[in-house]
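Working notes for the structure below.
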Amino acid sequence: MRTLLAIGMFLVALLGGVEIQAQSNIEKAREFLVTRDYANAAPYLVAAAKEAPKDLGILRLTAETYLELEKVDTALKYYSKALKVDDENLTTLNEYAYCLARLNRFDEALEAIDDAFDVKDDHVATYLTKAEIHILQNELTLADHAIRKAQTLDTESPATFVALGDLYFAQNVRELAKDNYEEALSRDSSLLEPRVKLARVYYAMANRSIDKDQANELFKKSLVNWDKVTKQDTNNAPAFFEKGKILYLAGRYPDAARALLRFTQLRPSDQLSRWYLAQSFYEINEVDSAIRYLSYARDNIDSVSEKASLYLARANYRGKRFTDAAQLFASIKQERGLAAEDLERFGRSAILSGDTTAAIENLRASLDEKPNCQLQLMYGNVLRSTKLYDEAIEAFYKTIEVCGTLKDKDMARVYFFIGISNFSRNSLDSAITALEESLRLDSTNTFARIRLGLSYKELDSLDQALSTFQRASDYLLADTANLVKNARQIENANTQIAGMLYKQKKIKALKAACKDWIQFNPKSEYGHLYLAIAYQSEQDTGNACKSYKQVLQINPESSVAKQNRKALSCP
22 MRTLLAIGMF LVALLGGVEI QAQSNIEKAR EFLVTRDYAN AAPYLVAAAK EAPKDLGILR
82 LTAETYLELE KVDTALKYYS KALKVDDENL TTLNEYAYCL ARLNRFDEAL EAIDDAFDVK
142 DDHVATYLTK AEIHILQNEL TLADHAIRKA QTLDTESPAT FVALGDLYFA QNVRELAKDN
202 YEEALSRDSS LLEPRVKLAR VYYAMANRSI DKDQANELFK KSLVNWDKVT KQDTNNAPAF
262 FEKGKILYLA GRYPDAARAL LRFTQLRPSD QLSRWYLAQS FYEINEVDSA IRYLSYARDN
322 IDSVSEKASL YLARANYRGK RFTDAAQLFA SIKQERGLAA EDLERFGRSA ILSGDTTAAI
382 ENLRASLDEK PNCQLQLMYG NVLRSTKLYD EAIEAFYKTI EVCGTLKDKD MARVYFFIGI
442 SNFSRNSLDS AITALEESLR LDSTNTFARI RLGLSYKELD SLDQALSTFQ RASDYLLADT
502 ANLVKNARQI ENANTQIAGM LYKQKKIKAL KAACKDWIQF NPKSEYGHLY LAIAYQSEQD
562 TGNACKSYKQ VLQINPESSV AKQNRKALSC P
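Okay, here's the thing in structure tokens:
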């Protein structure tokens with residue numbers, strides 16, 4: 022970054038002598054240049070330069086704007102045009118020489134400097150430009166001579182200390198570089214160039230430090246100076262980029278995102294900043310913004326395209342866009358494969374987007390590569406949900422192996438899933454064995470107890486089934502803090518109890534059970550229905566009719582209640 026013209030003052034002076042046709046474009050450029058918005062100013066300056074091709078001020082301003090945008094070859098073109106208008110302008114000669122050096126055209130650059138010395142042999146800025154050229158070509162001794170000569174001509178100039186700092190920086194003497202930039206600032210604290218370079222030298226010193234605490238302190242000093250730059254010049258694009266990069270590398274992603282977002286607003290065509298910005302948004306879970314910038318990086322930055330694709334898939338997964346995530350993971354897997362963690366994300370995305378085949382394939386691949394206790398359990402349940410019961414049972418036993426020592430309640434869940442998988446494939450003895458083990462480990466698992474009761478029922482072991490359901494009901498009713506939560510299970514258990522009591526013709530027991538049931542839940546359709554059936558079995562028509570009427574008040578569509586009331590000729 023070089024100290025260029027005071028743009029605002031230059032524009033005021035410029036408008037007076039500009040051709041009328043070019044003035045409107047300069048006016049438009051001024052609106053952007055006063056806020057250092059070089060990207061938007063450039064097209065208007067180009068237009069103005071076409072309209073006034075001999076105007077030295079416009080040509081130089083256009084060149085300086087492109088130099089700020091780091092488009093050195095374009096800047097050189099306009100400096101060259103400016104020299105055709107006035108080949109003895111020292112500022113133009115120096116900037117022209119600097120651009121040539123930036124493009125590694127050192128012999129031409131030094132020829133331009135000689136031309137400048139022919140115009141004025143004791144010009145401080147020319148000696149400093151010559152030093153810059155020598156630093157760029159790594160001729161550091163020659164650079165030192167040029168700087169010392171400039172200092173003899175002006176002992177107080179901050180620019181000479183900046184140049185000396187640049188020389189020490191090139192020599193990797195970072196401490197002395199820092200001292201000279203600070204000296205320049207001590208003479209004029211408003212200067213941006215030494216402030217920027219001071220921030221950079223602190224960053225370089227931090228990266229070289231082997232002491233972590235010292236490195237952190239130097240990073241902080243670098244940030245402090247970048248903060249000063251961005252507060253002083255709110256449109257200083259390079260400062261926002263450097264600041265954002267440091268914050269990103271320090272893991273301060275929210276702050277990094279803010280700085281990098283500002284940079285992208287100032288430099289819309291820059292690509293690398295969008296990659297850092299995309300990752301920052303990803304890290305702070307700003308999913309929509311992350312997806313936007315990751316998509317850009319994938320499609321426009323070849324060097325990071327693969328990594329951006331992977332982050333994009335992960336961002337869609339984080340954002341619960343599971344179909345998009347699954348499609349992206351599938352493409353990446355086909356092209357170059359996926360690590361275990363991303364195979365897991367692929368598998369979970371596939372589950373949640375309804376593709377159980379892909380879910381099973383990728384969860385299994387992830388587990389083969391990296392065993393995972395909770396994922397193994399999920400894998401078993403995905404197999405169970407697709408009615409692959411043999412594979413599910415195998416996966417659940419593998420869960421016991423992978424998880425090692427589990428708490429009893431957690432192990433009880435695994436045996437519960439083994440039990441219900443065996444029940445679903447009609448292996449009732451195996452189901453009973455697993456469910457009893459689940460209850461041994463966790464006697465509070467009423468789901469396991471009800472399924473155990475159903476297993477006994479399927480085997481016609483009605484006494485065992487009945488006692489199992491009764492224990493489930495008793496436990497659920499005793500849990501008074503969760504009666505509402507458990508209402509469905511209570512209804513299920515009591516429905517099973519009533520059905521078996523009726524099947525066993527234990528009518529008195531059925532009637533007593535139904536009355537207890539209704540007392541707990543007066544709106545239980547099946548409680549009233551079984552009570553009505555019990556009364557009907559005892560030929561107690563009056564009470565039977567009353568109970569059937571209660572059923573119809575709860576469910577007017579109950580066909581059993583309608584038919585039985587009709588058969589009993591209920592009023």
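Position in the sequence shown (from 1) plus 21 gives the number in this note's numbering.
Note that the Cβ used here is the ideal one computed from N, Cα and C, for glycine as well.
CB-CB length for Asp-463 against Asp-500, believed under 8 Å:
A Cβ-Cβ distance of about 14 Å is found for the pair Asp-463 and Asp-500, leaving them out of contact under the 8 Å criterion.
According to DSSP, is Thr-407 helix, strand or coil?
DSSP places Thr-407 in coil when its eight states are reduced to three.
Boundaries (first-last residue) of the alpha helix (DSSP H) holding Pro-215
It spans 213-229 - the alpha helix (DSSP H) in which Pro-215 sits, taken as one unbroken run.
Report the rounded CA-to-CA distance for Glu-578 versus Tyr-547, giving the unit in angstroms.
Per the coordinates, the alpha-carbon of Glu-578 lies some 13 Å from the alpha-carbon of Tyr-547.
Leaving out five residues before and five after Ala-69 in sequence, what residues of the same chain have Cβ atoms less than 6 Å from its Cβ?
Excluding positions up to five away in sequence, the list reads Ala-43, Asn-46, Ile-47 and Ile-79.
When the Cα atoms are used, what is the spatial distance from Gly-14 to Met-521?
Residue numbering for the chain in the displayed model covers 22 to 592; residue 14 lies beyond these limits and cannot be assessed.
Excluding sequence positions up to five away, which residues of its chain have a Cβ less than 7 Å from the Cβ of Thr-150?
Excluding sequence neighbours, Thr-150 sits near Asn-115, Ala-118, Tyr-119 and Ile-134.
Tell me the DSSP secondary structure of Lys-570 in three-state form.
Reduced to three states, the DSSP call for Lys-570 is helix.
Could you have a look at Ile-322 and say whether DSSP puts it in helix, strand or coil?
In the structure shown, Ile-322 sits in coil (DSSP, three-state: anything other than H, G, I, E or B).
Between Ile-322, Gly-272 and Val-325, which has its C-alpha nearest Phe-302's C-alpha?
In terms of CA proximity to Phe-302, Gly-272 leads the group Ile-322, Gly-272 and Val-325.
Using a Cβ-Cβ cutoff of less than 7 Å, which residues in the same chain neighbour Ser-580 once the five nearest sequence positions on both sides are dropped?
Hits under 7 Å: none found.
Given Glu-559, which residues of its chain have a CB within under 7 Å of its CB, disregarding the five upstream and five downstream residues?
The answer, listed in chain order, is Ile-528.
Per-residue DSSP class, three states only, for Gln-560:
Coil.
Nonlocal neighbours in the same chain, by C-beta distance under 8 Å from Lys-478, ignoring five residues either side:
So the qualifying residues of the chain are Ala-486, Gln-517 and Met-521.
Is Cys-120 helix, strand or coil by DSSP?
When DSSP states are grouped into helix, strand and coil, Cys-120 belongs to the helix group.
How about Ala-258 and Arg-288: are their beta carbons less than 8 Å apart?
Remark: C-beta atoms of Ala-258 and Arg-288 approach each other more closely than 8 Å.
For the stretch 140-156 and the stretch 180-195, state whether three or more C-beta atom pairs, one from each stretch, are separated by less than 8 Å.
A contact exists between the stretch 140-156 and the stretch 180-195.
Going by alpha carbons, who is nearest to Ile-471 out of Leu-497, Ser-448 and Ser-451?
The option with the nearest alpha carbon to Ile-471 is Leu-497.
For Pro-259, name the three-state secondary structure that DSSP assigns.
Taken through DSSP and simplified to helix, strand or coil, Pro-259 comes out as helix.
Since Ala-184 and Ile-168 are thought to touch, with beta carbons under 8 Å apart, how far apart are those beta carbons, to the nearest angstrom?
The pair is a contact, with the Cβ atoms about 5 Å apart (cut-off 8 Å).
Looking only at its own chain, which residues have a Cβ that is under 8 Å from the Cβ of Ala-260, when we skip the five neighbours before and after it?
Val-217, Ala-220, Trp-247, Val-250, Thr-251 and Asp-254.
Have a look at Leu-32 and Lys-102 and give me their C-alpha separation to the nearest angstrom.
Unreliable positioning characterises Leu-32 in this predicted model, as indicated by a pLDDT of 46, which lies under 50. The coordinate reading is nonetheless provided below. Going from the Cα of Leu-32 to the Cα of Lys-102 covers about 19 Å.
Given this structure, state the Cα-to-Cα distance separating Lys-233 from Tyr-223, to the nearest angstrom.
Taking the straight line joining both Cα atoms gives about 14 Å.
Restricting to Cα atoms, I'd like to know which of Lys-532, Ser-545 and Lys-524 is closest to Gln-510.
Among Lys-532, Ser-545 and Lys-524, the Cα nearest to that of Gln-510 is on Ser-545.
What residue does the alpha helix (DSSP H) around Gly-520 start on, and which one ends it?
508-524 is the extent of the alpha helix (DSSP H) around Gly-520.
Considering only the beta carbon of each residue, do Ser-387 and Thr-344 sit closer than 8 Å?
No, these two residues do not count as a Cβ contact at 8 Å.
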